Amino acid sequence: MSSFSALRFHGRSDIRLEQVPSLPCGPDEIRIRPGFCGLCGTDLKEFTSGPIMCPQPGSSHEQTGARLPVILGHEFSGTVVELGPSVSNVKVGDRVAVMPNLGDAQFGLSKCAMCEIGRINLCTKTAYYGLDALSGGFSEEAVVKAANAFTLPDNVPLDVGALVEPLSVAWHMVRVSGFQAGQDALVQGAGPIGLGLLLVLKVVGARRVVVSEVLGKRRDRAQEFGADAVIDPTSSGSDDTAGNSNPVVATCRQLTPGNLGVHVAFDASGLQSTLDTAIAATRPGGTMFNVAIHSKPIQINPNDLVILEKKYMGGIGYTADDFRSVISALEKNADFAEKATKMISGTVPLEDAVEKAFKALLEKKEDHVKILVRGSQT
1 MSSFSALRFH
11 GRSDIRLEQV
21 PSLPCGPDEI
31 RIRPGFCGLC
41 GTDLKEFTSG
51 PIMCPQPGSS
61 HEQTGARLPV
71 ILGHEFSGTV
81 VELGPSVSNV
91 KVGDRVAVMP
101 NLGDAQFGLS
111 KCAMCEIGRI
121 NLCTKTAYYG
131 LDALSGGFSE
141 EAVVKAANAF
151 TLPDNVPLDV
161 GALVEPLSVA
171 WHMVRVSGFQ
181 AGQDALVQGA
191 GPIGLGLLLV
201 LKVVGARRVV
211 VSEVLGKRRD
221 RAQEFGADAV
231 IDPTSSGSDD
241 TAGNSNPVVA
251 TCRQLTPGNL
261 GVHVAFDASG
271 LQSTLDTAIA
281 ATRPGGTMFN
291 VAIHSKPIQI
301 NPNDLVILEK
311 KYMGGIGYTA
321 DDFRSVISAL
331 EKNADFAEKA
341 TKMISGTVPL
351 EDAVEKAFKA
361 LLEKKEDHVK
371 ILVRGSQT
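Residue numbering for the sequence shown follows full-length UniProt numbering, starting at 1 and increasing by one per position.
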């Protein structure tokens, strides 16, 4: 039986590069050789505090059958090397980005109400390649459902293809928020998702985007990526016309017509302080959109929403439409593709992933946006 190298999560602080038996390729599946796989905050959280989304010890995922140890890596691209007999949407040799989330259709079940309307991200039976499924991107090969593979255009290289997943998160949030071309936005947090939000907002025609970030190197990147204003929320500054001393709120009002504030404030930080800032920085009738996963409950006064008809929303993941939209934008918008490429702050071989990717991000996160782990063919 053939085998391949893969990075497997055994438990908290226990990730090992191991030889894994090759999986059979089912009728509706394809085998790919991963080219690049991005290291995500979710992977880091599993490493330091897991298992969280990975299966618990002694248990397995009801649909995928995955149990510890599992192969990590859900932001990946690769080249198709084998097709199941019923596959027709891709061919051997195609370069693809993999959408990692699985729902009822991929499990051979009747579609739930959410899957029926294409919102697979809300399926209650969901699983993810690289977390609680049998394949993952930190490996020399992966078997995935053909429906989860999206062909990359000729002008989108494999390393940028690995960014389709995180950029699809940002695209989904902007789309679901109701943001429209010509409107103004605030992005709180300039990590990978925050920078992705900035890039997507510019692609869809934002008038002005304000970015709030504590870390200096991240503020510099936000400026480089096209933010119209970049603010250190801990700085002191002059009050706005309403006497507001919060520098982020003051800037959002000063830069928007009528000093009303932004149409949508995206919170990619997940703190009580960033929620409070988002509410204050949003114009009447505007939207606060939560992107972050919160580590603890936060407080909100409903009157802050009711009196000025503001909305508080949240989003999770992405759908196939978001993947298609990101790939199309990378193909057709040279500025978007160029800036997306700059998100890649380093690449490391699979055998060095623990020391030079996981630990590097944990120790010096300000120095990096997205570290990619190279697969078997790069």
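The beta carbon of each residue, even a glycine, is placed where N, CA and C say it ideally should be.
Because the structure is a prediction, the values reported are computed rather than measured.
Report the residue ranges of all beta strand (DSSP E) runs contained in full by the segment 180 to 250; include only those spanning at least 3 residues, in chain order. List check, beta strand (DSSP E) in window: 184 to 188, 208 to 212 and 229 to 231.
Would you mind sorting ASN303 into buried or exposed? The rule is 16 or more other CB atoms within 10 Å of its CB. Taking the first residue of the sequence shown as position 1, residue 303 is located at position 303. When all chains shown are included, ASN303 counts as exposed.
Along the alpha helix (DSSP H) that carries SER49, what are the first and last residues, could you check? Within the sequence shown, the letter at position 49 stands for residue 49. In the DSSP assignment, SER49 falls within the alpha helix (DSSP H) that extends over 41 to 49.
Looking at C-alpha atoms only, which residue of ALA329, PRO69, ALA97 and MET313 is the closest neighbour of ARG8? What you label residue 8 is simply residue 8 of the sequence shown in a count that begins at 1. Ranking ALA329, PRO69, ALA97 and MET313 by Cα distance to ARG8 puts PRO69 first.
In chain order, which alpha helix (DSSP H) runs of at least 4 residues are fully inside the segment 105 to 131? Complete alpha helix (DSSP H) runs here, min 4: 113 to 116.
What three-state label does DSSP hand CYS54 in the structure shown? The residue labelled residue 54 in the question sits at position 54 within the sequence shown. Under the three-state reduction of DSSP, CYS54 is assigned to coil, being neither helix nor strand.
Test item: CB-CB of PHE138 and LEU72 under 8 Å: For the purposes of this step, residue 138 is identified with residue 138 of the sequence shown, where counting begins at 1. For the purposes of this step, residue 72 is identified with residue 72 of the sequence shown, where counting begins at 1. With a cutoff of 8 Å on beta-carbon distance, PHE138 and LEU72 are scored as near each other.
Reducing DSSP to helix, strand and coil, say where ILE300 ends up. As a position in the sequence shown, residue 300 is number 300, starting the count at 1. Three-state DSSP puts ILE300 in coil, outside helix and strand.
Give the DSSP bridge partners of ASN18, in chain order. As a working mapping, residue 18 is identified with position 18 in the sequence shown. With the sequence shown as reference, residue 18 is identified as Glu, and Asn is not the correct amino acid for it. ALA6, per the DSSP bridge assignment.
Would THR256 and ALA229 be called neighbours here (beta carbons separated by less than 8 Å)? Taking the sequence shown and counting its residues from 1, the one referred to as residue 256 is at position 256. Taking the sequence shown and counting its residues from 1, the one referred to as residue 229 is at position 229. No, they are not a contact pair.
Contiguous alpha helix (DSSP H) assignments of at least 4 residues, all confined to the segment 250 to 288: The DSSP assignment places 272 to 281 as complete runs of the alpha helix (DSSP H) inside the segment 250 to 288, in order along the chain (cut-off: 4 residues).
With distances taken between CB atoms, is the gap from ILE32 to VAL156 smaller than 8 Å? Position 32 of the sequence shown, counted from the start, is the residue given in the question as residue 32. Position 156 of the sequence shown, counted from the start, is the residue given in the question as residue 156. The answer is no: Cβ separation not under 8 Å.
Whole-angstrom C-beta distance between VAL369 and LEU195, which should lie under 8 Å: Working through the sequence shown from its first residue, we reach residue 195 at position 195. Working through the sequence shown from its first residue, we reach residue 369 at position 369. Correct: roughly 6 Å between the Cβ atoms.
Hey, is the segment 311 to 322 in contact with the segment 333 to 352, meaning 3+ C-beta pairs nearer than 8 Å? Counting C-beta pairs closer than 8 Å gives fewer than three between the segment 311 to 322 and the segment 333 to 352, which falls short of the contact rule.
Taking its Cβ as the centre, do 16 or more other Cβ atoms sit within 10 Å of GLN180, making it buried, or is it exposed? Within the sequence shown, residue 180 is the residue found at index 180, counting from 1. Per the 10 Å Cβ criterion, exposed.
Mapping the DSSP letters down to three states, classify ILE293 as helix, strand or coil. Stepping through the sequence shown from its first residue, residue 293 is reached at position 293. Three-state DSSP puts ILE293 in coil, outside helix and strand.
Cutting at 7 Å between CB atoms, please list the residues of its own chain near ALA190, excluding the five before and the five after it. Within the sequence shown, the letter at position 190 stands for residue 190. Cβ within range, chain order: VAL211, GLU213, ARG218, ARG219, ARG221 and ALA222.
Go ahead and pull the three-state DSSP assignment for PRO166. To locate residue 166, count along the sequence shown from 1; it is residue 166. Annotated three-state conformation of PRO166 is helix, per DSSP.
First through last residue of the alpha helix (DSSP H) which encompasses ALA66: Here residue 66 is taken as the residue at index 66 of the sequence shown, counted from 1. Unbroken run through ALA66: none, as it is neither H nor E.
Three Cβ pairs or more, each shorter than 8 Å: is that satisfied between the segment 77 to 89 and the segment 21 to 38? Taking one beta carbon from each stretch, the segment 77 to 89 and the segment 21 to 38 have 3 or more pairs nearer than 8 Å; the two touch.
How long is the line joining the alpha carbons of ASP94 and LEU305, rounded to whole angstroms? If you number the sequence shown from 1, residue 94 lands on position 94. If you number the sequence shown from 1, residue 305 lands on position 305. Between ASP94 and LEU305, the C-alpha separation is close to 49 Å.
Based on the DSSP output, what are the partners of LEU83 in its beta bridges? Along the sequence shown, read from residue 1 onward, the residue named residue 83 stands at position 83. The partner list for LEU83 (beta bridge, DSSP) reads ILE30.
Separation of ALA278 from ASN301, as counted between CA atoms: Within the sequence shown, residue 301 is the residue found at index 301, counting from 1. Within the sequence shown, residue 278 is the residue found at index 278, counting from 1. About 13 Å.
Could you have a look at THR378 and say whether DSSP puts it in helix, strand or coil? Along the sequence shown, one-based indexing puts residue 378 at 378. In this prediction, THR378 has a pLDDT of 48, which is less than 50 and means its spatial position is unreliable; nothing more can be read from the coordinates.
Tell me the DSSP secondary structure of ASP335 in three-state form. Stepping through the sequence shown from its first residue, residue 335 is reached at position 335. Note: ASP335 maps to helix in three-state DSSP.
Within a Cβ cutoff of 7 Å, which residues of the same chain sit near GLN63, ignoring the five residues on either side of it in sequence? Locating residue 63 in the sequence shown gives position 63, counting from the first residue. When the five nearest sequence neighbours on each side are left out, the beta carbons in the same chain lying within less than 7 Å of the beta carbon of GLN63 are those of PHE107, LYS125 and ALA127, in order along the chain.
Would you kindly work out how many angstroms separate the C-alpha atoms of LEU197 and ASN121, rounded to a whole number? Translated into the one-based positions of the sequence shown, residue 197 becomes position 197. Translated into the one-based positions of the sequence shown, residue 121 becomes position 121. It is roughly 19 Å from the alpha-carbon of LEU197 to the alpha-carbon of ASN121.
Hey, ALA227 and VAL248: beta-carbon distance below 8 Å or not? For the purposes of this step, residue 227 is identified with residue 227 of the sequence shown, where counting begins at 1. For the purposes of this step, residue 248 is identified with residue 248 of the sequence shown, where counting begins at 1. One thing to note: ALA227 has its Cβ no nearer than 8 Å to the Cβ of VAL248.
Straight-line Cα distance separating ALA146 from SER328: For the purposes of this step, residue 328 is identified with residue 328 of the sequence shown, where counting begins at 1. For the purposes of this step, residue 146 is identified with residue 146 of the sequence shown, where counting begins at 1. About 19 Å.
GLY137, DSSP secondary structure in three states: Your numbering for residue 137 matches position 137 in the sequence shown. In this structure, DSSP gives GLY137 a state outside helix and strand, which the three-state scheme calls coil.
Grab me the residues of ALA353's own chain with a C-beta within less than 7 Å of its C-beta, minus the 5 sequence neighbours each way, in chain order. By one-based count along the sequence shown, residue 353 stands at place 353. If you ignore the 5 residues before and after ALA353, its C-beta comes within less than 7 Å of the C-beta of LEU7, PHE138 and VAL373, all in its own chain and listed in chain order.
With a threshold of 7 Å on Cβ separation, who are the neighbours of ALA268 within its own chain once the five nearest residues in sequence on each side are excluded? Against the sequence shown, residue 268 aligns to sequence position 268. Within the same chain, ALA268 has close Cβ partners VAL187, GLN188, GLY189, GLY191, ILE193, GLY194, LEU197, VAL291 and ALA292.
Just the C-alpha distance for THR378 and SER110, rounded to the nearest angstrom, thanks. Taking the first residue of the sequence shown as position 1, residue 378 is located at position 378. Taking the first residue of the sequence shown as position 1, residue 110 is located at position 110. Residue placement at THR378 is flagged as unreliable, the pLDDT there being 48, under the threshold of 50; a coordinate-derived value is accordingly withheld.
Span of the beta strand (DSSP E) holding LYS311? Here the question's residue 311 lines up with position 311 in the sequence shown. Annotation for LYS311: the continuous beta strand (DSSP E) segment containing it runs 311 to 314.
Between GLN19 and SER3, what straight-line distance do the alpha-carbon atoms span, to the nearest angstrom? Position 19 of the sequence shown, counted from the start, is the residue given in the question as residue 19. Position 3 of the sequence shown, counted from the start, is the residue given in the question as residue 3. The straight-line gap from Cα to Cα measures roughly 6 Å.
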